[in-house]
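Student: Counted from 1, the sequence shown has number 54 at position 54 by our numbering; the numbering is strictly sequential.
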Amino acid sequence: MATVNLSDYKPLHITNAEDFSIGIVFSEWNDFVTYNLRDAALEILEKEGVKAENIKLFPVPGAFELNYASMQLCKERKYDAVIAIGCVIRGETPHFDYVCSAVAQGIKDCNILTDTPTIFCVLTDDTKEQSIARSGGDLGNKGVEAAVTALRMIDFKKKLSDKKGNIGFGNA
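1. Can you tell me whether Ile-85 is buried or exposed? The criterion is at least 16 other CB atoms within 10 Å of its CB, across all chains shown.
2. Give the DSSP-derived three-state secondary structure of Phe-169 in the structure shown.
3. Quick one, which of Phe-26, Lys-10 and Ala-17 has its alpha-carbon nearest Lys-158's?
4. Excluding the 5 residues flanking Lys-142 on each side, which residues of the same chain have their C-beta closer than 7 angstroms to its C-beta?
5. What first and last residue would you give for the beta strand (DSSP E) that runs through Leu-57?
6. Tell me whether the beta-carbon of Ile-154 lies closer than 7 angstroms to the beta-carbon of Ala-81.
7. Starting from Ala-84, follow its DSSP beta bridges and name the residues at the other end.
8. Using 6 angstroms as the cut-off, classify the Cβ of Ile-132 as near or not near the heavy atoms of the ligand FMN, replying yes or no.
9. Identify, in the order they occur along the chain, each residue of the same chain with its Cβ nearer than 8 angstroms to the Cβ of Thr-116, setting aside the five sequence neighbours on each side.
10. For a test of the three-state rule: what should DSSP assign to Met-1, helix, strand or coil?
Printed below as a string of structure tokens:
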């Protein structure tokens, strides 16, 4: 079980974040968790300077559908990053294992088959209580971490393509 508060982060101070375009795909299944993750990601992106009109939201029925929607957004090549938000809670059958594995592989495929950083923000918990703790409860909100990761990966990609090739992030 995580022991760090997922909402603790240091402001990034990334230049030109207002120009970033980000797609957020979120599952409507387990919406008591996924909507909290989505809202936390939105809050951090806007706090870091991304314009609200540059953040597009795409609801999908469940976690399994995150793969298709994320890949379609990546293929459009109009988003600097895609954040995939979902929540799968273990049940009494192996369904949990199949869905979690498929979603992880699908998001991985977005990252290696396209040029768009795709951020995995899918909670895979044993209990409803664990999911609540990671989506605004005792352990903070994993959506914060996803937004920070998206911003850092966009910044990494932009710095990598910079002719200077300087991809240092200070003490981070």
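From the three backbone atoms N, C-alpha and C, an ideal C-beta is built for every residue, glycine too.
Tutor: Considering the structure as presented:
1. With 16 or more other Cβ atoms from the protein chains shown falling within 10 Å of its own Cβ, Ile-85 counts as buried.
2. Residue placement at Phe-169 is poorly supported in this model, since its pLDDT is 49, which falls under 50; the coordinates still yield a value, given next. Coil, per DSSP.
3. Closest by alpha carbon: Ala-17.
4. Taken in chain order, the residues that qualify are Leu-6, Leu-37, Cys-121, Leu-123, Arg-134 and Ser-135.
5. Element bounds for Leu-57: 55-60.
6. Going by C-beta atoms, Ile-154 is nearer than 7 angstroms to Ala-81.
7. Paired residues: Val-25 and Phe-120.
8. Although the ligand FMN was asked about, the structure shown includes no ligands whatsoever.
9. The answer, listed in chain order, is Leu-73, Cys-74, Arg-77, Tyr-79, Asp-80, Ala-81, Val-82 and Cys-110.
10. In this prediction, Met-1 scores a pLDDT of 44, lower than 50, which makes its location untrustworthy; no coordinate-derived value is stated.
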